[in-house]
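Asker:
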Amino acid sequence: MKHQVLVCDDELAQAQSLAEMLERAIVIQDDERQGKLEFLGYYTSYAATLQAVIDHQVTGGIYFLDIELSPKQYDKTGLDLAEAIKRQDPKAQIIFVTTHDELALMTFHRRIGALDYIIKDSTRSEFQGRITEALALALENIATSHTAQKYTFTYKIGHKIYNENIDDVVCIVTTERPHRLRLYKVDGIAEFNGNLKELVEQSEFLHPISQSCIVNAKNIKSIDLKERKILFVNGEFEYFPRRSLKQVKHLIDELGKS
1 MKHQVLVCDD
11 ELAQAQSLAE
21 MLERAIVIQD
31 DERQGKLEFL
41 GYYTSYAATL
51 QAVIDHQVTG
61 GIYFLDIELS
71 PKQYDKTGLD
81 LAEAIKRQDP
91 KAQIIFVTTH
101 DELALMTFHR
111 RIGALDYIIK
121 DSTRSEFQGR
131 ITEALALALE
141 NIATSHTAQK
151 YTFTYKIGHK
161 IYNENIDDVV
171 CIVTTERPHR
181 LRLYKVDGIA
191 EFNGNLKELV
201 EQSEFLHPIS
211 QSCIVNAKNI
221 KSIDLKERKI
231 LFVNGEFEYF
241 PRRSLKQVKH
251 LIDELGKS
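With the UniProt record's numbering as the guide, the letters of the sequence shown map in order to residues 1 to 258.
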C-alpha cells in the first residue's frame, strides 16, 4: 500500500518549493520506503486540499500543512484543516510547517497530535533534512500503528471512532436494518454500519459461521455440532447452517490451538 503525500500552503511559491523538496526526499529514501510513498500534489487552500483527500480516498496519508493558511483573521487555518483531514483520514500523519514556532503550542490545546513541526526560516539544507526525517518518521509511525491494529478491532459510530481489543470481541451479526451490524462484546453491545464480508477480509481473527454472523474463535465457550449451535463466553449463542459445518470444524481446530 502506498502512502500519499500532500502539501498545503497558501503561498504558491512556498507550496511549490516544499513539493520539490518532498519529491527529492522521497527519491533519497531507501528502496523499501520509497516504494511506499507517492507524492499526490500541492494545494494552496483549505478547500482544495480537503477535496483532494476526499476525491482520492486517501488513507494513511502524510500531510505537510502550513499552520497559517490565510492572513485573514476568520479564515480557516492549517489547524482547522488538520482536524478536517483527521475526520476523513484517521490514520493521517500531520507535519506542520510554520514561520512561528510559538504556534506549535496551539496544536496541543486542540489535541491534533501532529507528528512534527518544521520551521520555515531554517536554511534550505536544514529544511530539506527535516523534511526527509519527517517522512521517515511518518512511515515508522504508520508501521507501528499497523502492528497495534492487528490486535484491535476498529469501528465508527457517527463521527466517533472506537477501538476494541480483539479479545473483547465475541461476534458480529446482521440486523433488520440494511448495512447495520450488531457487535457483541464481552461486556456490552454496539451497533455500527458495515459489511460482514469486508470485515472478514480485513480481520484475521473473525470467521464466518453463516451469512449473518462472524465470530471470534477465542470467545467461543462450546460448539454443539448436533444442534449446530455455538455458545459464547458472554452467554450469547448463534446457530449455524449445515453448509457451514466445514468452517465450524475449522473453528474447533482453532480452539484446540488456543
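Just so it is clear, CB atoms sit at the ideal spot from N, CA and C, and this is done for glycine as well.
Flag this pair as yes or no: are the beta carbons of Ile-142 and Ile-118 separated by less than 8 Å?
Answerer: Contact flag unset, no.
Asker: For Gly-158, which three-state DSSP category applies?
Answerer: Three-state result, Gly-158: coil.
Asker: Could you check what DSSP says for Ile-189 in three-state terms: helix, strand or coil?
Answerer: Here Ile-189 sits in strand by DSSP.
Asker: Would you report the Cα separation of Ser-222 and Thr-59, rounded to the nearest angstrom?
Answerer: Each residue's alpha carbon lies about 39 Å from the other.
Asker: Please report the straight-line C-alpha distance between Leu-40 and Ser-17, rounded to a whole angstrom.
Answerer: Rounded to whole angstroms, Leu-40 to Ser-17 spans 15 Å at the Cα level.
Asker: Take every Cβ of the segment 83-95, pair it with every Cβ of the segment 18-29, and state whether three or more of those distances are shorter than 8 Å.
Answerer: Short answer: they don't touch.
Asker: Give the DSSP bridge partners of Tyr-63, in chain order.
Answerer: Leu-6 and Ile-94.
Asker: Looking at the secondary structure, which residues open and close the alpha helix (DSSP H) in which Ser-17 lies?
Answerer: Its alpha helix (DSSP H) spans residues 12-27.
Asker: With burial defined as no fewer than 16 other Cβ atoms inside 10 Å of the residue's Cβ, what is the status of Ser-244: buried or exposed?
Answerer: The residue is buried, with at least 16 neighbouring Cβ atoms inside 10 Å.
Asker: Quick check on DSSP: helix, strand or coil for Val-248?
Answerer: Looking at Val-248 - three-state DSSP - the assignment turns out to be helix.
Asker: What separation, rounded to the nearest whole angstrom, lies between the Cα atoms of Ile-189 and Leu-137?
Answerer: Their backbone Cα atoms lie some 37 Å apart in a straight line.
Asker: Please report the distance separating the alpha-carbon of Ile-214 from that of Phe-127.
Answerer: Taking the straight line from one Cα to the other gives about 50 Å.
Asker: Applying the 10 Å Cβ sphere with the 16-neighbour rule, what's the burial state of Met-1?
Answerer: Exposed, by the Cβ-count rule.
Asker: Using CA atoms only, rank isn't needed, just tell me which of Asn-163, Thr-99, Leu-69 and Phe-240 is closest to Ile-209.
Answerer: If we check each option's Cα against that of Ile-209, Phe-240 comes out closest.
Asker: Counting C-beta neighbours from all protein chains within 10 Å, is the total for Asn-163 16 or more, i.e. buried, or is it exposed?
Answerer: That one is exposed.
Asker: Are at least three pairs of beta-carbons, each pair with one atom in the segment 30-40 and one in the segment 64-75, less than 8 Å apart?
Answerer: With the cut-off at 8 Å, the segment 30-40 and the segment 64-75 do not touch.
Asker: Could you pull out every residue in the same chain whose Cβ sits closer than 7 Å to the Cβ of His-56, ignoring the five residues on either side in sequence?
Answerer: The answer, listed in chain order, is Gln-4 and Leu-40.
Asker: What did DSSP end up calling Asp-121 once you bin it into helix, strand or coil?
Answerer: Coil.
Asker: For Lys-229, which residues from the same chain have a beta carbon less than 7 Å from its beta carbon, with the 5 sequence-adjacent residues on both sides left out?
Answerer: The residues are Phe-237 and Tyr-239.
Asker: Since I believe Tyr-151 is in contact with Ile-131 (beta carbons under 8 Å), could you give me their beta-carbon distance rounded to a whole number of angstroms?
Answerer: 32 Å between Cβ atoms; not a contact.
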